[in-house]
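S.K.: If you count the sequence shown from 1, you need to add 173 to reach the numbering used here.
The structure's right below; bear with me while I get my questions together.
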Amino acid sequence: MGLLTGKTALVTGAARGIGKAVAMKFASEGANIAFTDLVLNDDMAAGLEATRKEIEALGVTCRAYAGNAADFEETEKTVKQIHADFGSIDILVNNAGITKDGLMLRMSEAQWDAVLNVNLKSAFNFIHACSPIMLRQRSGSIINMASVVGVHGNAGQCNYAASKAGMIALAKSIAFGELGPKGVRANAVAPGFIETAMTAQLPEEIRKDWMKKIPLRRGGQTEDIANVCLFLASDMSSYVSGRVIQIDGGMNM
Ligand code: NAI
């Protein structure tokens, strides 16, 4: 028996990176997996299917759903389909995210809107569609993938930091008075510097700067985030709700 045997987990933006690691970890603990990601071109579609096969090889049911997490109506349809395919949704991880960095004075409206829509509005979309299902079940665990910059702020990332702070407040608000009393938990995790395609784009100097600030002197691995998500998804954390857990090698104490 795994920690998540018999559960269905929905992870957004899970074709690669942290989302994929979370989906794989949940599957290795027995959860059936529904995951979403964009399909922009044939390469991405191949990525979606490759990830689906990798997860399925762990001995669980896994289905991939192509779609834009920032689109409200599309999300409603996708979640309905997932519920029909799996019969329940027990765990939701709002992971899809992007960066479009820039200083405030140079930031375009398009940069602001894109990041707020993909990071924050997508979490609203999925919670809005999944919470009636979880409320009926009178159980569920929602995990918002925030960031340390959503707690502490970061120059050059006002759009990204605001979206991540919003995801923390969103988790706390629903955990507190809305879903919590009906047995549905909601938490946020706040990763620091994690080695993925997102951070691989950063210039070497910025990378070195980050390393100096991290007491454990290494970038985090996707597995470091997946382990904490497993804790929050499972009954190991059955009395933990409305919290934000920083996973940053001790960077922000
Ligand atoms: P990544 O870029 O490797 O993966 C993000 C995934 O989200 C991709 O597969 C992408 O196609 C998908 N995605 C993007 N826009 C989407 C949309 N509109 N609809 C559906 N899917 C979409 O990034 P990474 O590093 O794995 O990040 C995952 C999450 O973790 C993001 O929310 C990110 O903000 C957060 N995070 C990452 C950190 C890092 O150091 N890598 C640090 C803190 C937070």
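We put the CB at the ideal spot given by N, CA and C, even for glycine.
Note that the structure is a prediction, hence the values are computed from the model and not measured.
Apply the 10 Å Cβ neighbour rule to residue 379 and answer buried if 16 or more other Cβ atoms are within range, or exposed otherwise.
M.R.: Exposed is the call here.
S.K.: Buried or exposed, going by whether 16 or more other CB atoms sit within 10 Å of the CB of residue 419?
M.R.: Burial call: buried.
S.K.: Are the Cβ atoms of residue 200 and residue 252 separated by less than 8 Å?
M.R.: Their beta carbons are not under 8 Å apart, which means residue 200 does not touch residue 252 by this criterion.
S.K.: Among the candidates 223, 293, 184, 256, whose CA atom is the shortest distance from the CA of residue 198?
M.R.: Checked all of 223, 293, 184, 256; the closest Cα to residue 198 is 184.
S.K.: Below 8 Å on the Cβ atoms is my guess for residue 264 versus residue 406; work out the distance and round it to an integer in Å.
M.R.: Indeed they touch by this definition, with Cβ atoms about 5 Å apart.
S.K.: Quick check on the DSSP output: the alpha helix (DSSP H) that includes residue 395 runs from which residue to which?
M.R.: 395-406 is the span of the alpha helix (DSSP H), which, as asked, contains residue 395.
S.K.: How close, in whole Å, do the beta carbons of residue 156 and residue 393 come, if the pair is a contact with beta carbons under 8 Å?
M.R.: Since the first residue shown for the chain is 174 and the last is 426, residue 156 is missing from the structure and cannot be characterised.
S.K.: Please determine whether the Cβ atom of residue 182 lies at a distance below 7 Å from any heavy atom of the ligand NAI.
M.R.: Not under cutoff, so the answer is no.
S.K.: When DSSP labels each residue in this structure, what does residue 265 get in the three-state scheme?
M.R.: In this structure, residue 265 counts as strand in the three-state DSSP scheme.
S.K.: What do you reckon, are the CB atoms on residue 291 and residue 243 nearer than 8 Å?
M.R.: Yes, the pair counts as a contact, with Cβ atoms nearer than the cut-off.
S.K.: Can you tell me whether residue 374 is buried or exposed, with buried defined as 16 or more other CB within 10 angstroms of its CB?
M.R.: So residue 374 counts as exposed.
S.K.: Bridge partners for residue 210 per DSSP, in chain order?
M.R.: 239.
S.K.: From this set, 300, 416, 395, which residue's C-alpha is nearest residue 370's C-alpha?
M.R.: Considering only alpha carbons, the answer is 395.
S.K.: Check whether the Cβ of residue 370 lies closer than 7 Å to any heavy atom of the ligand NAI, and answer yes or no.
M.R.: Under cutoff, so the answer is yes.
S.K.: CA-CA distance, residue 250 and residue 239?
M.R.: Taking the straight line joining both Cα atoms gives about 12 Å.
S.K.: DSSP three-state label for residue 425, please.
M.R.: Of the three classes helix, strand and coil, the one that applies to residue 425 here is coil, per DSSP.
S.K.: Could you give the C-beta distance for residue 218 and residue 398, rounded to a whole number, given that I count them as a contact under 8 Å?
M.R.: With a Cβ gap of about 25 Å, residue 218 and residue 398 do not count as contacting.
S.K.: Assign residue 192 to one of three DSSP states: helix, strand, or coil.
M.R.: Reduced to three states, the DSSP call for residue 192 is helix.
S.K.: Taking C-beta to C-beta, are residue 329 and residue 270 nearer than 8 Å?
M.R.: No, these two residues do not count as a Cβ contact at 8 Å.
S.K.: Could you tell me which of 322, 422, 354, 359 sits nearest to residue 345, measuring between CA atoms?
M.R.: Selected option, being the one with the closest Cα: 359.
S.K.: Rounded to the nearest angstrom, what separates residue 425 and residue 321 at their Cα positions?
M.R.: Approximately 8 Å, taken between the alpha carbons.
S.K.: Could you give the uninterrupted runs of the alpha helix (DSSP H) lying entirely in the region 325-354, keeping only those of 4 residues or more?
M.R.: Fully enclosed alpha helix (DSSP H) runs of 4 or longer: 331-346.
S.K.: Name the two residues that bound the continuous beta strand (DSSP E) containing residue 419.
M.R.: Run containing residue 419: 417-420, per the beta strand (DSSP E) assignment.
S.K.: Taking the straight line between their C-alpha atoms, what separation do you get for residue 205 and residue 216?
M.R.: Near 25 Å, if we compare the C-alpha coordinates of residue 216 and residue 205.
S.K.: List in chain order: all unbroken beta strand (DSSP E) runs of 3+ residues lying wholly within the region 274-325.
M.R.: Segments of the beta strand (DSSP E) lying fully in the region 274-325: 313-318.
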